[in-house]
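A.B. asks: Structure in structure tokens, see below.
Residue numbers (our numbering): 1 to 182.
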């Protein structure tokens, strides 16, 4: 089954016309707190239970459920989870919050945070550098650490999942309490 999509401007036009628009943002709470579409509510992908989401809908259950993330990838995964459970009329917002902002649509801004993607690049770079330094200074077996990280990055690129990103998202500095939209 193909995931339906909608452009951010088209979704916002529906909202402005007074139609019921229920928008779920599946990014981490820290990402959501930093910036989100004005009427989105946050349900992080790592805590996303399709049955619970559908039973706790704010809007009318006969209307589409719109899903957004940073760029569209995580939202597509959430849409797939919902559709696999038999739910229909699920729509992915094309380009995610990046496209929403780029279109000049209303957002709610909060505390600035370092993006999860940037944290992953820093951690991966640190581990690769550590493996190389220890490989030369201590024992050649430490080069394996750099190889392991490289293989993990390749796997993340191929599968569009990132175990390091999921781990970093659970770190204390990436946790917030009661992150809700207006």
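The beta-carbon is built from N, C-alpha and C at its ideal position, and this holds for glycine as well.
Return the chain-ordered list of same chain residues with a C-beta closer than 8 Å to the C-beta of residue 153, the five sequence neighbours on each side being excluded.
C.D. replies: One-based indexing of the chain shown puts residue 153 at position 153. Counting only Cβ-Cβ distances below 8 Å, and skipping sequence neighbours, we find 124.
A.B. asks: From residue 53 to residue 73, what distance separates their C-alpha atoms?
C.D. replies: Walking along the chain shown from the start, residue 53 turns up at place 53. Walking along the chain shown from the start, residue 73 turns up at place 73. Spanning the two alpha carbons is a distance of roughly 19 Å.
A.B. asks: Quick one: what's got a C-beta closer than 6 Å to residue 135's C-beta in the same chain, skipping five residues either side?
C.D. replies: Locating residue 135 in the chain shown gives position 135, counting from the first residue. 142 and 143, listed in sequence order.
A.B. asks: If we count Cβ pairs, one from each stretch, closer than 8 Å, do we get three or more for the region 109 to 120 versus the region 94 to 101?
C.D. replies: Touching, no.
A.B. asks: If I measure Cβ to Cβ from residue 70 and keep anything under 7 Å in the same chain, skipping five residues before and after, which residues do I get?
C.D. replies: Position 70 of the chain shown holds residue 70. So the list reads 27, 31, 96, 97 and 98, once near-sequence residues are dropped.
A.B. asks: Judging by CA-CA distance, which residue of 79, 163 and 61 is the nearest neighbour of residue 1?
C.D. replies: Translated into positions along the chain shown, residue 1 becomes position 1. Out of 79, 163 and 61, 79 has the C-alpha closest to the C-alpha of residue 1.
A.B. asks: In this structure, how does DSSP classify residue 1 when only helix, strand and coil are distinguished?
C.D. replies: Within the chain shown, residue 1 is the residue found at index 1, counting from 1. DSSP places residue 1 in coil when its eight states are reduced to three.
A.B. asks: Measure how close the beta-carbons of residue 7 and residue 91 come, nearest whole angstrom, since I'm counting them as under 8 Å.
C.D. replies: Position 7 of the chain shown, counted from the start, is the residue given in the question as residue 7. Position 91 of the chain shown, counted from the start, is the residue given in the question as residue 91. So it is not a contact: roughly 11 Å between Cβ atoms.
A.B. asks: Spell out the partners DSSP gives residue 108 in its beta bridges.
C.D. replies: Taking the chain shown and counting its residues from 1, one reaches residue 108 at position 108. 36.
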